[in-house]
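Asks:
Written out as structure tokens, the structure reads:
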């Protein structure tokens, strides 16, 4: 059922024709926070209540898009006079480059990447321009968790606009087993807009998305992530597609990219992605648990809970070695128990 | 809180195509396309925005020109006040730095 | 291909709630297939709380509803126990609009309150097609009176009193503004009354117009004045705002009127909007046109008769202009 929904979501298949299925499809889109993307594909061909629902989602996503554009403008303003040119990651880059992957996409924050050497200067510039450490992660333990182990500064929130920014200095945590060569990707970045900000090229965008989705998290928004991969893959020209795995090998991100190609090939039926996939049977076998889990997450319900069991320890294992992980989880369990911070979850948001 | 650093060699302007205005009595409601925010400007702030539409100014040039524009002596509208009013426009993204200046 | 996928039957062809067998209504409600079509919104409801169901059947009797699983809705609301335990032991009920928001679990007899709160929440936090402002709206053929929600200002009591003066009810809770145009859309749900207001409104509207009374809720005593058949019949007819009121009720106070500058009124009005910033330019355009078409007043009064007389006078003045 969900695979059919995914294909309808990107316009590869028509909308479910029967009323109850159409209602279920929209409910699925709502649960997965992709109604805005559905609107991009289907609003023009809809009427009645369906058109209302999609228009509503389009307007909401339009707000997120405006927020992202303006935050980019404000970041450039805060860094004016320095020669730091942050790379916009994920949604910010998709909006800056007007990519299909960015249309109708819901976002809650903006992510940028800067060289580690510039980190202090960037943080100081943002603090001087009205950003403040986010309250929920301002504690000593969280600050230490981010600064010593993670790949980003603790999140900052702008005092007036209430928007959130994640400043990354690498693409995977310091402690993770996968170490992507972010230096190589940073130096291949290209200017966006007036040149005060940068974006990755199409290949590196796909690679980073694959890393983020398959090597850095619990795969919480499966439909949204997979749709993003589908569109980013569609944006690669022939030469990019041919070079993709070489580039992924070069920056040390081959296995996440192979997962991503598997997803685009299998879930969206892309022959081009299928043709590019690695031929090594052993590595395909090793990838099986993750792929089963992805399929489970998509099916929701009991399958999704089973997938969480597979993915949750993995997300931590991906981020830190076992000894460190135990220490981290102990710290977390203490916080969960103490009533004062009962709502504290994992700091690892998207 | 300033939106970022400033320098006397930097020149700023407002681009009237980037916002819409609607006058309601003594105040002007300004919709900024870039931020999607609506701002309520009083007569003085609106006068500064209008001045910055005409040509680019550095902060120092603005401190000279703005009291004259309001037709008041500099003592009544000293550079610190001009800087604060400018800072408010800067903070909400209604002014932009002229490139190469 | 336009019209191929619209996911709904026209509300005109739809039966009223009262035309369905209560058993069918209960079954659809239990499965979440009851869709209420009111003004610009279709709301899918689900509950097995008996008090909420009885309230719905009585207070929404004249509303078009569909009971099939093929009908698309803008929002869905589940009035349910907070967890499995509370389904059986010391039972509780709360509104669940499908996203997290803080809400106090209530005893089952307060199901109607959970339903009404949930329906407000669903619209206030998920509607982006229209700009929403926290206000009551009533209208006659010449235009609408918008009564902004001041805490303790008596917005709902005043709206109920103006219904008695032959104004139609657009909404007790939201001014729903068309994007780009200053038109206000009806969403005629029951008027929510608190404490002393319940009996005040009962005295002039009559017992048949009222719901049962809920005592001891977190908001005090709560009762509802139903939207009339004529209000429901006009639910697709928008109205243009002419008067914007900021009411203050003070026991025993002398009736008083003070004009409010348009610029000031707009700022206060925006402060009561949960979604103005989301709509961006479309909300700005309609709000500015609204500001140009209304006169705004602070009104203070000590009893309902004074407030009605005062509004009548302001309304006639405007008509002469």
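Protein chains in written order, with my numbering: chain R, 1 to 350; chain V, 1001 to 1101; chain X, 2001 to 2321. The beta carbon of each residue, even a glycine, is placed where N, CA and C say it ideally should be.
1. So, at 7 Å on beta carbons, what are the nonlocal neighbours of residue 1057 (chain V) in its own chain, with the 5 sequence-adjacent residues on each side left out?
2. Quick check on residue 297 (chain R): does DSSP put it in helix, strand or coil?
3. Leaving out five residues on either side along the sequence, give the residues of the same chain with a beta carbon under 7 Å from the beta carbon of residue 2163 (chain X).
4. Any Cβ of chain V within less than 8 Å of the Cβ of residue 2272 (chain X)?
5. Measure the alpha-carbon distance for residue 2018 (chain X) versus residue 2057 (chain X) and round it to whole angstroms.
6. For residue 29 (chain R), which three-state DSSP category applies?
7. Pull up the CB-CB distance for residue 2033 (chain X) and residue 2068 (chain X), whole angstroms please, since I reckon it's below 8 Å.
8. Tell me which residue opens and which closes the alpha helix (DSSP H) that residue 1054 (chain V) is part of.
9. Whose CA, out of X:2051, X:2084, X:2053, X:2044, lies closest to the CA of residue 2070 (chain X)?
10. CB residue 1032 (chain V) to CB residue 1022 (chain V), shorter than 8 Å?
11. If you drop the 5 nearest sequence neighbours on each side, which residues of the same chain put their C-beta closer than 7 Å to that of residue 224 (chain R)?
12. Mind checking residue 120 (chain R): buried by the 16 CB within 10 Å criterion, or exposed?
13. Considering only their Cβ atoms, is the gap separating residue 63 (chain R) from residue 2223 (chain X) smaller than 8 Å?
14. Output yes if chain X places a C-beta closer than 8 Å to the C-beta of residue 1093 (chain V); else output no.
15. Nearest-angstrom Cα distance between residue 2187 (chain X) and residue 2180 (chain X)?
16. Note down, in chain order, every chain V residue with its Cβ under 8 Å from the Cβ of residue 2263 (chain X).
17. Give me the chain X residues within the contact set of residue 1037 (chain V), using Cβ-Cβ distance strictly less than 9 Å, ordered along the chain.
18. Kindly confirm or deny that the region 2189-2198 of chain X and the region 2147-2163 of chain X touch, where touching means at least three C-beta pairs closer than 8 Å.
19. Based on the DSSP output, what are the partners of residue 152 (chain R) in its beta bridges?
20. According to DSSP, simplified to helix, strand and coil, what is residue 2157 (chain X)?
21. In chain R, what lies closer than 9 Å to residue 2072 (chain X) by C-beta?
22. Which residues share a DSSP beta bridge with residue 2295 (chain X)?
23. Measure from the C-beta of residue 2069 (chain X) to each C-beta in chain R and report whether the shortest distance is under 8 Å.
24. Give me the chain V residues within the contact set of residue 2288 (chain X), using Cβ-Cβ distance strictly less than 7 Å, ordered along the chain.
25. Using the Cα positions of residue 2064 (chain X) and residue 2052 (chain X), report the straight-line distance between them to the nearest angstrom.
26. Taking beta-carbon pairs under 8 Å, can you tell me which members of the region 58-71 of chain R lie near chain X?
27. How long is the line joining the alpha carbons of residue 2104 (chain X) and residue 2094 (chain X), rounded to whole angstroms?
28. Would residue 26 (chain R) and residue 110 (chain R) be called neighbours here (beta carbons separated by less than 8 Å)?
29. What is the residue span of the alpha helix (DSSP H) that residue 2045 (chain X) lies within?
30. Would you mind working out which of R:81, R:230, R:47, R:172 sits nearest residue 208 (chain R), comparing C-alpha positions?
31. Between the Cα of residue 2248 (chain X) and those of X:2028, X:2152, X:2212, spot the shortest distance and give me the residue it belongs to.
32. Starting from residue 2148 (chain X) and walking both ways along the beta strand (DSSP E), at which residues does that stretch end?
33. Distance check for residue 2312 (chain X) and residue 2255 (chain X), CA to CA, integer angstroms please.
34. Mind pulling the chain V residues with CB within less than 9 Å of residue 81 (chain R)?
35. What does a CB cutoff of less than 8 Å around residue 2007 (chain X) pick up in its chain, not counting 5 residues either side in sequence?
36. Can you give the Cα-Cα distance for residue 1081 (chain V) and residue 1097 (chain V), rounded to whole angstroms?
Replies: In terms of the structure at hand:
1. Against the second chain, residue 1057 (chain V) aligns to sequence position 57. For residue 1057 (chain V), where only same-chain residues beyond five positions count, the Cβ hits under 7 Å are 1011, 1012, 1065.
2. Indexing the first chain from 1 puts residue 297 (chain R) at position 297. It is helical.
3. Position 163 of the third chain, counted from the start, is the residue given in the question as residue 2163 (chain X). 2138, 2169, listed in sequence order.
4. As a working note, residue 2272 (chain X) is residue 272 in the third chain. Not an interface residue.
5. Taking the first residue of the third chain as 1, we reach residue 2018 (chain X) at position 18. Taking the first residue of the third chain as 1, we reach residue 2057 (chain X) at position 57. Those two C-alpha atoms are separated by around 7 Å.
6. As a first step, residue 29 (chain R) is located in the first chain; it is residue number 29 there, counting from the start. Helix.
7. On the third chain, position 33 is the one that residue 2033 (chain X) refers to. On the third chain, position 68 is the one that residue 2068 (chain X) refers to. About 6 Å separates the two Cβ atoms, so the contact holds.
8. On the second chain, residue 1054 (chain V) is found 54 positions in, with the first residue counted as 1. Where residue 1054 (chain V) is concerned, the enclosing alpha helix (DSSP H) stretches over 1043-1054.
9. Locating residue 2070 (chain X) in the third chain gives position 70, where the first residue counts as 1. The option with the nearest alpha carbon to residue 2070 (chain X) is X:2044.
10. Against the second chain, residue 1032 (chain V) aligns to sequence position 32. Against the second chain, residue 1022 (chain V) aligns to sequence position 22. Not closer than 8 Å, so no.
11. Numbered from 1 along the first chain, position 224 holds the residue referred to as residue 224 (chain R). Excluding residues within five positions, the ones whose Cβ falls inside 7 Å are 32, 33, 34.
12. As a position in the first chain, residue 120 (chain R) is number 120, starting the count at 1. The residue is exposed, with fewer than 16 neighbouring Cβ atoms inside 10 Å.
13. Numbered from 1 along the third chain, position 223 holds the residue referred to as residue 2223 (chain X). Numbered from 1 along the first chain, position 63 holds the residue referred to as residue 63 (chain R). No; because the gap between Cβ atoms is not below 8 Å, this pair is not in contact.
14. For the purposes of this step, residue 1093 (chain V) is taken as residue 93 along the second chain, with counting starting at 1. Residue 1093 (chain V) does not count as touching chain X.
15. Translated into the one-based positions of the third chain, residue 2187 (chain X) becomes position 187. Translated into the one-based positions of the third chain, residue 2180 (chain X) becomes position 180. Answer to the nearest angstrom: the Cα atoms are 19 Å apart.
16. Numbered from 1 along the third chain, position 263 holds the residue referred to as residue 2263 (chain X). Chain V residues near residue 2263 (chain X): 1024, 1025, 1026, 1027, 1029, 1040.
17. Looking up residue 1037 (chain V) in the second chain gives position 37. Near residue 1037 (chain V) (Cβ distances below 9 Å), the residues of chain X are 2277, 2280.
18. yes
19. Your numbering for residue 152 (chain R) matches position 152 in the first chain. R:168, per the DSSP bridge assignment.
20. Stepping through the third chain from its first residue, residue 2157 (chain X) is reached at position 157. Helix.
21. Counted from its first residue, the third chain places residue 2072 (chain X) at position 72. 19, 22, 23, 26, 48, 49, 50, 52, 53, listed in chain order.
22. Locating residue 2295 (chain X) in the third chain gives position 295, where the first residue counts as 1. Beta-bridge pairing links residue 2295 (chain X) to X:2243.
23. As a position in the third chain, residue 2069 (chain X) is number 69, starting the count at 1. Chain R, which has a Cβ nearer than 8 Å to the Cβ of residue 2069 (chain X), makes this yes.
24. For the purposes of this step, residue 2288 (chain X) is identified with residue 288 of the third chain, where counting begins at 1. Near residue 2288 (chain X) (Cβ distances below 7 Å), the residues of chain V are 1022, 1029.
25. Mapped onto the third chain, residue 2064 (chain X) falls at position 64. Mapped onto the third chain, residue 2052 (chain X) falls at position 52. In a straight line, the C-alpha of residue 2064 (chain X) is about 18 Å away from that of residue 2052 (chain X).
26. 59, 60, 62, 63, 66
27. Here residue 2104 (chain X) corresponds to residue number 104 of the third chain, with the count starting at 1. Here residue 2094 (chain X) corresponds to residue number 94 of the third chain, with the count starting at 1. Residue 2104 (chain X) and residue 2094 (chain X): Cα-Cα distance of roughly 7 Å.
28. Working through the first chain from its first residue, we reach residue 26 (chain R) at position 26. Working through the first chain from its first residue, we reach residue 110 (chain R) at position 110. Going by C-beta atoms, residue 26 (chain R) is not nearer than 8 Å to residue 110 (chain R).
29. For the purposes of this step, residue 2045 (chain X) is identified with residue 45 of the third chain, where counting begins at 1. Unbroken run through residue 2045 (chain X) is the beta strand (DSSP E), 2041-2047; no alpha helix (DSSP H).
30. Residue numbering aside, residue 208 (chain R) sits at position 208 when the first chain is read from its first letter. Considering only alpha carbons, the answer is R:172.
31. One-based indexing of the third chain puts residue 2248 (chain X) at position 248. Per the Cα distances, X:2152.
32. Here residue 2148 (chain X) refers to the residue found at position 148 of the third chain. Segment 2143-2148, the beta strand (DSSP E) holding residue 2148 (chain X).
33. Taking the third chain and counting its residues from 1, one reaches residue 2255 (chain X) at position 255. Taking the third chain and counting its residues from 1, one reaches residue 2312 (chain X) at position 312. Their Cα atoms are separated by approximately 13 Å.
34. The residue given as residue 81 (chain R) occupies position 81 in the first chain. Here the neighbours are 1004, 1005, 1006, 1007, 1010.
35. Looking up residue 2007 (chain X) in the third chain gives position 7. Low confidence applies here, because residue 2007 (chain X) scores a pLDDT of 45, under 50, leaving its location unreliable; read the following figure in that light. Excluding positions up to five away in sequence, the list reads 2070, 2071, 2072.
36. Walking along the second chain from the start, residue 1081 (chain V) turns up at place 81. Walking along the second chain from the start, residue 1097 (chain V) turns up at place 97. So the alpha carbons of these two residues sit roughly 20 Å apart.
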